[in-house]
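As structure tokens, the structure follows; a few thoughts come after it.
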Amino acid sequence: MDKPFRRRDLLGIRGLTAAEIKGILDTAESFLEINTREIKKVPTLRGKTVVNLFFENSTRTRTSFELAAKRLSADAVNISVSSSSLAKGETLVDTALNLDAMQPDCIVVRHGSAGVPHQLAKVSQAAVINAGDGANEHPTQALLDAMTIREHKKKIKGLEVAIVGDILHSRVARSNIHLLTKLGAKVKVAGPGTLVPKDFVHLIDAAEIDHGSKAEGQRPLAVCEHVEDAIRGADVVMILRIQRERQDSAYFPTLREYAIHYGLTNERLDLAKKDAIVLHPGPMNRGIEIASEVADSSRSLILDQVKYGVTVRMAVLYLATGGGVTNS
Amino acid sequence: MTETRMKFIISNGHLIDPAAPENTGMDVLIEDGRVSAWLKQGEPAPEGCEVFDASGLLVAPGFIDLHVHLREPGQEHKETIASGCAAAVAGGWTSVCPMPNTNPVNDNAAITRYMIEQAERAGLANVFPIGAITKSSDGSELAEMGEMKAAGAVAVSDDGRPVPNAGIMRRAMQYAKDFDLPVVDHCEDKSLSSGGVMHEGKISLLLGLKGMPALSEEIDVVRDIILAKETGAHIHIAHVSTKGAIEAVRRAKNEGINVTCEVTPHHFTLTDRAVEGYDTNTKMAPPLRSEDHLEAVIEGIKDGTIDAIATDHAPHHHDEKALEFDRAPFGITGLETGIGLAFTELVHKGVIGLERLVEMCSANPAKIFSLGGRGTLAPGSIADVTIIDPQKEWTFNALDSRSKSRNTPFDGWKFTGRAVATIVAGEFVFNDLGKAANS
Chain A
72 MDKPFRRRDL LGIRGLTAAE IKGILDTAES FLEINTREIK KVPTLRGKTV
122 VNLFFENSTR TRTSFELAAK RLSADAVNIS VSSSSLAKGE TLVDTALNLD
172 AMQPDCIVVR HGSAGVPHQL AKVSQAAVIN AGDGANEHPT QALLDAMTIR
222 EHKKKIKGLE VAIVGDILHS RVARSNIHLL TKLGAKVKVA GPGTLVPKDF
272 VHLIDAAEID HGSKAEGQRP LAVCEHVEDA IRGADVVMIL RIQRERQDSA
322 YFPTLREYAI HYGLTNERLD LAKKDAIVLH PGPMNRGIEI ASEVADSSRS
372 LILDQVKYGV TVRMAVLYLA TGGGVTNS
Chain B
99 MTETRMKFII SNGHLIDPAA PENTGMDVLI EDGRVSAWLK QGEPAPEGCE
149 VFDASGLLVA PGFIDLHVHL REPGQEHKET IASGCAAAVA GGWTSVCPMP
199 NTNPVNDNAA ITRYMIEQAE RAGLANVFPI GAITKSSDGS ELAEMGEMKA
249 AGAVAVSDDG RPVPNAGIMR RAMQYAKDFD LPVVDHCEDK SLSSGGVMHE
299 GKISLLLGLK GMPALSEEID VVRDIILAKE TGAHIHIAHV STKGAIEAVR
349 RAKNEGINVT CEVTPHHFTL TDRAVEGYDT NTKMAPPLRS EDHLEAVIEG
399 IKDGTIDAIA TDHAPHHHDE KALEFDRAPF GITGLETGIG LAFTELVHKG
449 VIGLERLVEM CSANPAKIFS LGGRGTLAPG SIADVTIIDP QKEWTFNALD
499 SRSKSRNTPF DGWKFTGRAV ATIVAGEFVF NDLGKAANS
């Protein structure tokens with residue numbers, strides 16, 4: 072079977088074709104059943120070693136990758152590095168070479184700086200999986216979001232997806248924009264002007280993807296001036312987490328004002344299609360970017376996202392360490 | 099290796115001296131470190147005179163790099179004055195002007211003198227230090243510009259730590275004018291660019307890296323021009339990189355304001371697309387800009403708005419660059435690739451002719467920093483000569499660099515055109531022709 076990603080690294084969604092993305096999602100679907108068994112373990116990756124190298128704290132993503140590895144019988148090692156390589160006096164390249172010398176099959180890396188997985192991949196023999204790098208990409212999050220949408224809407228092509236919040240600093244937004252537009256959805260982004268640069272509309276042009284007609288209204292990506300414009304008529308509303316720690320940079324005055332003007336309330340959600348679903352990459356700031364009544368409603372699929380996260384990561388680890396695409 | 103020739107002639111070359119209206123078909127006679135005469139080609143060489151055959155080669159007044167970092171004193175693991183000068187002469191530069199961001203900062207005459215003495219010890223390129231504008235370059239109190247000038251400084255700048263306070267910058271210009279010192283500014287309003295690591299635009303959004311907007315450079319350029327107009331001081335804008343900055347300089351020149359500017363080879367060659375892949379050797383300040391800015395740079399080179407080519411040679415040790423993109427230091431080396439880039443990207447692509455190239459690399463820099471007796475090969479001038487083979491094809495291998503550092507995005511690049519001999523005060527400080535120089 073075809074290798075689903077170049078060099079078996081998964082550095083971002085941007086470098087993948089629609090067929091490759093579908094290949095990963097199909098493979099994930101075939102793994103879905105394993106996670107419902109009483110004994111949730113198959114021998115597929117027995118003897119393979121997966122290193123989870125996390126330079127940023129993340130309970131959810133790290134646990135998800137760890138469970139994914141273990142359910143496929145791989146040996147998973149977690150390394151949490153609270154500080155950067157610089158602070159340790161070791162260069163990033165040294166860190167990579169030292170880990171690589173232990174001959175893992177796969178290094179899953181999360182880092183606060185954009186591009187670190189790309190830098191590791193240049194020197195590492197192991198397959199490198201990007202588990203989130205700075206504001207660049209978070210490919211497995213976009214894949215699990217896509218899987219959630221596909222399971223509920225039975226398709227992605229032709230859907231309208233609103234992404235609301237801190238677009239500028241969001242790796243989740245970037246990966247989702249690439250993925251959803253590649254699969255034929257229309258994406259509308261909105262949020263405070265300080266966090267939603269107008270130039271964002273060129274994101275996918277800059278990635279040099281041929282989308283055919285670029286007439287206004289035909290563009291697969293739109294930047295909306297108001298949150299309401301993005302949500303109106305949407306099939307999917309994706310809410311981004313507000314990074315409280317970024318508050319000192321003063322991109323908006325107060326969390327209170329953010330909640331009032333940009334938060335997803337039932338009133339705002341009513342602008343979307345009747346059967347619209349709500350996604351959030353977590354962890355949620357209840358009452359800020361998302362009202363509790365929305366988060367807890369049946370339209371919110373936040374726990375499904377977490378569930379599919381394990382499945383998608385099983386597929387990614389399987390493909391990265393040598394497996395072929397499974398068509399369901 | 100330094101070879102001394104008391105008296106020799108450079109014959110059959112293509113002499114270009116922008117200071118002289120008519121200079122084709124001339125041989126250059128050099129005696130005791132100075133140009134003594136021009137002789138018509140074909141005339142017999144004077145008695146006892148060694149002949150350097152420069153057939154097919156460009157013979158130009160020594161190239162002067164207005165903007166380098168030699169890291170000494172303080173950061174000798176990156177570069178020393180000796181290693182930086184070795185890189186300079188191998189790249190065809192006879193003179194270099196080091197910025198004051200050494201450790202300690204070159205904000206006093208003792209350090210200025212030390213830098214010049216180290217250069218004399220190395221005996222390669224001329225070193226004309228640039229002193230700090232403010233003490234420790236911290237932007238608050240003026241440094242002793244008069245004393246530094248007396249010690250040999252040719253300009254003042256706080257380079258990478260541009261003076262943020264317009265009131266202090268105004269005073270700096272008023273004061274520098276008393277000593278006829280040009281004020282060199284790395285224009286960057288850090289309130290707009292702080293935390294940024296590349297040009298702000300589509301590519302920074304795509305890569306998830308924090309941007310440094312073009313307007314951060316432009317606001318400072320406009321501020322400086324207004325201050326130069328009011329004070330009458332000479333402001334020299336370092337490494338212009340944006341459309342708006344170049345337009346502002348063009349307007350100011352038309353108004354007769356005393357402003358000059360330089361451009362780096364990387365800014366007329368690369369765009370922010372080069373940052374894809376997160377190679378930290380594409381990180382510098384000002385950052386590689388987008389295509390429209392590069393077009394404006396080329397236009398500014400063509401129409402004369404941009405006066406000079408300067409490399410902004412900024413060596414950093416490999417360990418410092420082998421970091422996360424947003425943590426790695428700004429800067430790349432440039433002394434050994436500058437002329438290759440200028441020929442390959444400008445001359446051979448028809449952007450400018452040889453005359454204008456020599457103007458930008460020698461005649462204009464000498465004027466901008468008032469380096470008397472340089473930037474020309476007129477009889478009586480100092481015998482600093484750059485001899486270039488414009489057609490020589492070569493590949494730059496960073497591992498062969500004379501610099502102590504290897505931080506370049508041009509490793510493995512193929513160029514057409516390079517310096518084949520560099521003469522400083524009548525001495526061959528770099529000679530790649532070897533046996534071609536015969537009697």
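Chains A and B are the protein sequences, given in the same order. Mind the numbering: the first sequence is residues 72 to 399 in our numbering, read in order. Mind the numbering: the second sequence is residues 99 to 537 in our numbering, read in order. Cβ coordinates follow ideal geometry from the N, Cα and C atoms, glycine included. Keep in mind the model is a prediction, meaning the values are calculated, not measured.
Check: Three-state class that DSSP yields for Asn462 (chain B) in the structure shown; Outcome: helix
Check: At least 3 beta-carbon pairs within less than 8 Å: the region 360-373 of chain B vs the region 401-417 of chain B; Outcome: yes
Check: Alpha carbon of Leu82 (chain A) to alpha carbon of Lys381 (chain B), nearest angstrom; Outcome: 21 Å
Check: Nearest to Gly221 (chain B) (by Cα), restricted to the options B:Leu421, B:Ala523, B:Met267, B:Gly258; Outcome: B:Ala523
Check: Classification of Ser310 (chain A) by the beta-carbon crowding that lies within 10 angstroms, buried from 16 upward; Outcome: It is Ile, not Ser, that sits at residue 310 (chain A) in the sequence shown. Burial call: buried.
Check: Short Cβ contact (9 Å threshold) for Ile59 (chain B) with Val261 (chain B); Outcome: With chain B running from 99 to 537 in the structure shown, residue 59 (chain B) is simply not present.
Check: Alpha carbon of Ile324 (chain B) to alpha carbon of Asp257 (chain B), nearest angstrom; Outcome: 19 Å
Check: Ala253 (chain B) - partner residues in DSSP beta bridges; Outcome: B:Ile228
Check: Partner residues on chain A for Leu368 (chain B), Cβ-Cβ distance less than 7 Å; Outcome: Those do not exist, as Leu368 (chain B) stays about 16 Å from chain A at its closest Cβ, beyond 7 Å.
Check: Interface residues of chain A facing Asp424 (chain B) [CB-CB closer than 9 Å]; Outcome: Gly183, Ser184, Ala185, Gly186, Gly205
Check: Environment of Val79 (chain A) [buried if 16+ CB atoms lie within 10 Å]; Outcome: It is Arg, not Val, that sits at residue 79 (chain A) in the sequence shown. It counts as buried.
Check: C-beta neighbour in chain B for His351 (chain A), strict 9 Å; Outcome: no
Check: First through last residue of the alpha helix (DSSP H) which encompasses His249 (chain A); Outcome: 242-253
Check: Contained alpha helix (DSSP H) runs [length at least 4] in the region 351-414 of chain B, N- to C-terminal order; Outcome: 389-401
Check: Extent of the continuous alpha helix (DSSP H) to which Asn337 (chain A) belongs; Outcome: 337-340
Check: Alpha-carbon to alpha-carbon, Thr162 (chain A) and Arg221 (chain A); Outcome: 41 Å
Check: Rounded straight-line distance, which links the Cα of Ser289 (chain B) to that of Gln489 (chain B); Outcome: 45 Å
Check: The region 126-144 of chain B / the region 184-195 of chain B touching (three or more Cβ pairs under 8 Å); Outcome: no
Check: Closer than 9 Å at the beta carbon, the chain A residues around Leu497 (chain B); Outcome: Going along chain A, no residue has its Cβ under 9 Å from Leu497 (chain B), so there is no contact; the nearest lies around 17 Å.
Check: Of the residues B:Val166, B:Gly515, B:Asp278, B:Ala481, the one placed nearest Ala336 (chain B), counting alpha carbons only; Outcome: B:Val166
Check: Three-state secondary structure assigned by DSSP to His112 (chain B); Outcome: strand
Check: Three-state class that DSSP yields for Val152 (chain A) in the structure shown; Outcome: coil
Check: Test: Asp509 (chain B) CB closer than 9 Å to a CB of chain A; Outcome: no
Check: Spatial neighbours of Phe441 (chain B) in its chain, beta-carbon cut-off 8 Å, leaving aside the 5 residues before and after; Outcome: Leu455, Ile486, Pro488, Phe513, Thr514, Gly515, Arg516
Check: Proximal residues of chain A, C-beta to C-beta of Leu168 (chain B) below 7 Å; Outcome: Per Cβ cutoff of 7 Å: no residues; Leu168 (chain B) is ~24 Å from chain A at best.
Check: 6 Å CB neighbourhood of Leu168 (chain B) in its chain, flanking five on each side removed; Outcome: Glu177, Ile179, Gly182, Pro196
Check: For Thr178 (chain B), three-class secondary structure by DSSP; Outcome: coil
Check: Chain-order list of residues whose beta-carbon lies under 8 Å from that of Val235 (chain A) (same chain, five-residue window excluded); Outcome: Val260, Ala261, Gly262, Val298, Ala301, Ile302, Val308, Met309, Ile310, Leu311, Tyr333, Leu335, Glu360
Check: DSSP-derived helix/strand/coil call for His189 (chain A); Outcome: helix
Check: Cβ-Cβ separation, Thr506 (chain B) to Ile430 (chain B) (assumed contact under 8 Å), whole Å; Outcome: 5 Å
Check: Spatially closest choice to Asp346 (chain A) from A:Ser369, A:Arg357, A:Ile331, A:Asn356, by CA coordinates; Outcome: A:Ser369
Check: Chain A contact for Ala420 (chain B) (CB, 9 Å cutoff); Outcome: yes
Check: The region 207-227 of chain A in contact with the region 336-351 of chain B per 3-pair CB rule at 8 Å; Outcome: no
Check: Check whether Ile128 (chain B) and Val518 (chain B) have beta carbons under 9 Å apart; Outcome: no
Check: Closest by C-alpha distance to Gly393 (chain A), when choosing among A:Glu208, A:Leu103, A:Val121; Outcome: A:Val121
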